[in-house]
Amino acid sequence: MKKLILTTLLSLLSIYLLAQRNSEDASAYQYYEQGDYPKAVILFGKLFESSKKEVYFDLYLNALLKTGQYQDAEKVVRKYLGTQPGNLKFEIAMGRIYQENGQAEKATKFFNQFIASLPPEEDKIRLYVNYLYRFQYYDLAISAFLQGRKISGNDQMFAFELLNLYRYKKDKNALVAEYMNVLPTMPALLIQAQTNLSAVFESSNDYLTLQAVLLKKIQKDPDNETLNKLLIWEYLQRQEFEMALRQLIAQDKRLNHSDQEIFNMASTFISNGANTTAIKAYEYLMAKGNKGEYYLPARIELINTKYYLLLDGKFEKTAVAELAAQYEALINEFGKNLRTLFAMTRLANLEAYYLNNFTKAENALEEALKIPNLNMQEAGRIKLNLADIYVLNNEPWEAFLVYEQVARKFENQDIGNEAMFRSARLSFFQGNFAYAKSQADVLKASTSQLIANDALNLSLLISDNLQSAADSAALKMYADAQMLEFRKLPQKALIKLDSISVAFPGNSLSDDILMAKSKLFIQQNNLSQAALMLQTIIDKHKESLWTDDALFLLADLYENRLGKIEEARNLYQKLITDFPGSMYVSQARKHFRKLRGDAVDL
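Printed below as a string of structure tokens:
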């Protein structure tokens, strides 16, 4: 019975002591979090003495240092260094005390002692370096990892830890050097390297530094694909597209398996406006012969790229007939089917808008509509293009019927709204302004931002310029000029636009005329005149519905055609600041960041 009572009393005492310790624990943490470090010192000192737990030691030491009790902190650490001389944690703690007490020389001695005493085991080095992380001694952590490499004889040990530290510290040179060290044997890190380098690089000079290091490394190891890919990526970041292609071709000639990369890279060139470089890529693939896997895709994309250059006014119009012949050759070789549908529609566009062969264009699209298994959406698109050609061929009634047919068939869908807008535009060309405006007003709520924006512009154009009989007559002349532009007759359109102010001085269309003329000048590659028109809108028509368009178009001209980078950046910034609701803001922000030196996918 006495034994039972004694056991019960001991159990109750243990519970009491545990509860008391838990209470002290909670109080110690509370004092520490509230910044009451003198009280925290007392409680954490007791808790550490009784439990010897690491977590208590760390907080005890921190509280001592927070209250400036450096001598007491040193005594505590020396006491445990005496009993555990091989415990590197206490070496770090001693170095920290001296560091925070302003005794840099002593701190360095202890830290050097710590690094020199590291064991050769990888896991133990990581364990001890974790103590350095706790105190944010990142430079010492780097030194410790490098010492670990030295004593282990493995120059790639701790690669992930070092890469993270260099990235955190934004040590560009060290980060580059470490990637040069590990990428040849760890190609899976290539994507990470590209992400991390672009995150810390701040200017084109950083990429040039990377390029210099890469070129030296590749010189010693020319067949290393990972290093070559990183160099190609570096060229792309600085938009050195010709150099990127040259490097890809050199790699292909050595290793003979880069066709897919070259083909895919050509698409990157096109998306960045480097169409002539894309053409060289496709021509290189075709030069390998028609037995190659990418011969036909390259041939098709080569023709398509020339087609896009033509649409952008960057392709000699004398070569249009040759381009049309290339599409015809494809159709004749592979037949009229879904695979060649793109060739049939583009051939029709060339024949209609550039060769003035409306009958041949109509026939090509009518043949395309007969292709088996043609889906409804694709058929609707072809019909819209056919209706446009009817407009060109002076068959407006036929065009109206087709537009209305597609609009009804695809009601409340983007393609149906597009048909409705084209019908409104045709009414505008013909001077039927009331009907054109009524259609445009319906489309202002379209789910397609582009259609809604075009519809809004058309509605405002009509309502703003029907205030008097003279304005209405001027608007009719403007509509005639727009029709001439639609028919790819820019010179006649310019003459018509210039005649509006002569016939109707002081009309309300001045900003609209300037915008129309700027687009025509761009088509004619008269970029200085286009820039003048756009700048006039920006300076003299600040409230115009075309001002944000003018800012974006002029910035694009300066950036991509005239090489005025600073002016382009300023215009993009003005657009972002002054027109936050513009549909161009998202693109303007990307271009602005790119011109500022950020790595951006456009």
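Under mature numbering (1 follows the signal peptide of the UniProt record, and there is no 0), the letters of the sequence shown match residues -19 to -1, 1 to 583, in that order.
Glycine included, every Cβ here is placed at the ideal spot set by N, Cα and C.
With respect to the alpha helix (DSSP H) encompassing residue i, which residues constitute its N-terminal and C-terminal limits?
i: F141; result: 140 to 150
i: residue 594; result: The chain is shown from -19 up to 583; residue 594 falls before or after that span and cannot be answered.
i: S444; result: 430 to 445
i: L178; result: 171 to 181
i: G63; result: 51 to 64
i: residue 594; result: As shown, the chain starts at -19 and ends at 583. That puts residue 594 outside it, with no answer to give.
i: E103; result: 103 to 115
i: E524; result: Looking at the DSSP string, E524 is not in any alpha helix (DSSP H), and its letter there is neither H nor E.
i: Q200; result: 185 to 201
i: K269; result: That residue, K269, is in no alpha helix (DSSP H); it is neither H nor E in DSSP.
i: A426; result: A426 -> no alpha helix (DSSP H), and no H or E assigned at all.
i: D559; result: 546 to 559
i: R542; result: Neither: R542 is in no alpha helix (DSSP H) and is coded neither H nor E.
i: S480; result: 471 to 484
i: R468; result: Element bounds for R468: n/a, residue is neither H nor E.
i: L127; result: 119 to 133
i: M75; result: 69 to 81
i: N93; result: 85 to 97
i: L576; result: 566 to 577
Measuring CA to CA, which of the options is closest to residue i?
i: G361; options: N256, E548, N354, L350; result: L350
i: Y119; options: K105, N506, I73, V157; result: I73
i: L456; options: Y147, Q307, S444; result: S444
i: V163; options: L189, K198, I132, G129; result: K198
i: P471; options: A497, S489, D493; result: A497
i: L46; options: K571, V194, L24, E81; result: E81
i: I213; options: Q175, S491, F182, E183; result: Q175
i: P278; options: F323, I370, T257; result: F323
i: H572; options: P561, F560, G562, L552; result: L552
i: A193; options: S179, E215, I172; result: E215
i: A44; options: K317, L441, K20; result: K20
i: D435; options: M267, Q510, H238, M564; result: M564
i: S32; options: D452, G16, Q15, D6; result: D6
i: L441; options: A462, E223, S419, A450; result: S419
i: I370; options: L355, L346, N393; result: L346
i: A300; options: Y288, I78, L311, Q65; result: Y288
i: A306; options: N318, R320, E332; result: E332
i: E142; options: E103, Y263, A180; result: E103
i: G254; options: E264, G270, T286; result: T286
i: I363; options: E348, A169, R235; result: E348
i: R406; options: A180, N393, A421, E392; result: A421
i: N177; options: L146, L189, D202; result: L146
i: M246; options: L217, Q11, Q448, I96; result: L217
i: D17; options: P203, L40, N366, A474; result: L40
i: A529; options: S499, Y37, Y335, G562; result: Correcting the residue type first, residue 529 is Asp in the shown sequence and not Ala. Taking only the C-alpha atoms, the option nearest D529 is G562.
**OP:** Examine the Cβ distances between the region 370 to 383 and the region 423 to 435 and report whether three or more of them are shorter than 8 Å.
**Re:** Touching, no.
Subject >> Three-pair Cβ contact test at 8 Å for the region 197 to 208 versus the region 240 to 250 >> reply: The region 197 to 208 vs the region 240 to 250: no contact.
Subject >> Unbroken stretches of the beta strand (DSSP E), 3 residues or longer, contained in the region 207 to 243 >> reply: Positions of the beta strand (DSSP E) runs, each at least 3 residues long and wholly inside the region 207 to 243, cannot be given because no such run exists.
**OP:** Would you list, in sequence order, the uninterrupted alpha helix (DSSP H) runs of no fewer than 4 residues that lie entirely inside the region 320 to 397?
**Re:** Listed in chain order, they are 322 to 334, 339 to 349, 357 to 373, 377 to 390.
**OP:** Ignoring anything shorter than 4 residues or poking outside the region 274 to 313, list the alpha helix (DSSP H) runs there in chain order.
**Re:** Every alpha helix (DSSP H) of 4 residues or more that sits fully in the region 274 to 313 is shown, in chain order, as 276 to 292.
Subject >> At least 3 beta-carbon pairs within less than 8 Å: the region 127 to 134 vs the region 147 to 162 >> reply: These segments do not touch.
Original post:
Would you call the region 538 to 549 and the region 518 to 526 in contact, with 3 or more CB pairs under 8 Å?
Top reply: Counting Cβ pairs under 8 Å, fewer than three are found: no touch.
Original post:
Between the region 463 to 479 and the region 490 to 510, do at least 3 Cβ pairs fall closer than 8 Å?
Top reply: A contact exists between the region 463 to 479 and the region 490 to 510.
Subject >> Cβ pair count under 8 Å reaching 3, the region 225 to 237 against the region 174 to 189 >> reply: No: fewer than three Cβ pairs fall under 8 Å.
Subject >> Minimum length 3: unbroken beta strand (DSSP E) runs contained in the region 492 to 519 >> reply: The qualifying runs do not exist here; there are none.
**OP:** Taking 8 Å as the threshold, find out whether the region 100 to 112 comes into contact with the region 122 to 130 through three or more Cβ pairs.
**Re:** With a cut-off of 8 Å, the region 122 to 130 and the region 100 to 112 count as touching, because enough Cβ pairs lie within range.
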